[in-house]
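K.L.:
Numbering (numbering that gives the first Met the number 0), first residue to last: 0 to 161. We put the beta carbon where it would ideally sit given N, CA and C, even for glycine.
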Amino acid sequence: MKKILFVCLGNICRSPLAEGIMLHYIQKNNLPLIVDSAAIAPYHIGEHPDKRTIKNALSHNIDIRHLIARQFQIRDFHEFDKIYVMDNSHYEHLKKLSPHQSLFEQKVDYLMNVLYPGQNIEIPDPYYGTEKDFEQVFQMIHSACTKLIELYDKEKIISLKK
C-alpha cells in the first residue's frame, strides 16, 4: 500500500487540506493509499486545521475537522513513498533534514509538479489572506490531488490486471 505525506509550514492550512481531499477520494474510489500531513515548524502541533481552511473545505463537502497538526520527523523519509511540499521553503527545509540526498531526490517533490512536472510551482500560504485566497489554494490543491488520484487509480487497475 502506497503512503503519501503532504508538508507545509504549520500543518493547519495547505497540507491538511491536501490530506482531507485525498482521504475523500481514497474512500470514494476505494484506493489502497495511506495519506498524512505534517508541519516543518512547531507552531501549531496538536491543533486542528485553521477555522478558515475547515470552512472552505466544508463548502466543498470535504471534512477535515478531525485532523491534528504534527511535526515532520526524520523517520517520515523512510515511512512514506512520496512526500509533497507546498513551496520552496518546505523543499529546502526537508533537503537539509534528509539523511541521504538520494532518498530526498527520490521521495520529495512539489505538489503542483503532479500537474506541471518540473515547474516547481508554489502553492501560496493563505494564512494571512482572505476567503478568496483560501479558495484559490483549495482549487490548486484539489487539481493536484485529483490528478494524483487519477494516477494511483490507473496504477490500481494495472496491478489488478496482473
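Quick one: which unbroken beta strand (DSSP E) runs of 3-plus residues sit fully inside the segment 108-133? Chain order, please.
P.N.:
With a minimum length of 3 residues, no continuous beta strand (DSSP E) run stays inside the segment 108-133.
K.L.:
CB Met85 to CB Tyr109, shorter than 9 angstroms?
P.N.:
The sequence position of residue 85 within the sequence shown is 86, counting from 1. The sequence position of residue 109 within the sequence shown is 110, counting from 1. Yes.
K.L.:
Helix, strand or coil for Cys144 per DSSP?
P.N.:
Locating residue 144 in the sequence shown gives position 145, counting from the first residue. DSSP places Cys144 in helix when its eight states are reduced to three.
K.L.:
Who are the Cβ neighbours of Tyr90 in its own chain at under 6 angstroms, not counting the five residues just before and after it?
P.N.:
Locating residue 90 in the sequence shown gives position 91, counting from the first residue. Same-chain partners within the cutoff: Val84.
K.L.:
For the candidate residues Asn55, Lys153, Phe71 and Asn119, whose alpha-carbon lies nearest to that of Arg64?
P.N.:
Locating residue 64 in the sequence shown gives position 65, where the first residue counts as 1. That would be Asn55, whose Cα lies nearest to the Cα of Arg64.
K.L.:
If I measure Cβ to Cβ from Pro98 and keep anything under 7 angstroms in the same chain, skipping five residues before and after, which residues do I get?
P.N.:
Working through the sequence shown from its first residue, we reach residue 98 at position 99. Around Pro98: Ile73 and Phe76.
K.L.:
With distances taken from CA atoms, which of Asn87, Lys81 and Glu104 is nearest Cys7?
P.N.:
As a working note, residue 7 is residue 8 in the sequence shown. Cα-wise, what sits closest to Cys7 is Asn87.
K.L.:
Distance, Cα to Cα, Lys50 vs Ile61?
P.N.:
Against the sequence shown, residue 50 aligns to sequence position 51. Against the sequence shown, residue 61 aligns to sequence position 62. Distance between the alpha carbons of Lys50 and Ile61: 13 angstroms.
K.L.:
Tell me whether Ile39 sits in a helix, a strand or coil according to DSSP, three-state version.
P.N.:
For the purposes of this step, residue 39 is taken as the residue at position 40 of the sequence shown. Of the three classes helix, strand and coil, the one that applies to Ile39 here is coil, per DSSP.
K.L.:
I'd like to check one pair, Pro41 with Gln70: are the Cβ atoms closer than 9 angstroms?
P.N.:
On the sequence shown, residue 70 is found 71 positions in, with the first residue counted as 1. On the sequence shown, residue 41 is found 42 positions in, with the first residue counted as 1. Yes, these two residues count as a Cβ contact at 9 angstroms.
K.L.:
Using the Cα positions of Asn119 and Phe103, report the straight-line distance between them to the nearest angstrom.
P.N.:
Counting from 1 along the sequence shown, the entry for residue 119 is found at position 120. Counting from 1 along the sequence shown, the entry for residue 103 is found at position 104. When rounded, the distance between both Cα atoms is 15 angstroms.
K.L.:
Which residues does DSSP list as the beta-bridge partners of Lys2?
P.N.:
The count along the sequence shown starts at 1 and reaches residue 2 at position 3. In the DSSP output, where bridge partners are listed per residue, Lys2 has Ile33.
K.L.:
Taking the beta carbon of Asn28 as the centre, do at least 16 other beta carbons fall within 10 Å, making it buried, or is it exposed?
P.N.:
For this step, residue 28 is matched to residue 29 along the sequence shown. By the neighbour-count rule (16 or more Cβ atoms within 10 Å), Asn28 is not buried but exposed.
K.L.:
Check Gln100 in the structure and name its three-state DSSP category.
P.N.:
Locating residue 100 in the sequence shown gives position 101, where the first residue counts as 1. It is helical.
K.L.:
What are the residues that DSSP puts in a beta bridge with Ile82?
P.N.:
Taking the sequence shown and counting its residues from 1, the one referred to as residue 82 is at position 83. Its beta-bridge partners are Leu4 and Val107.
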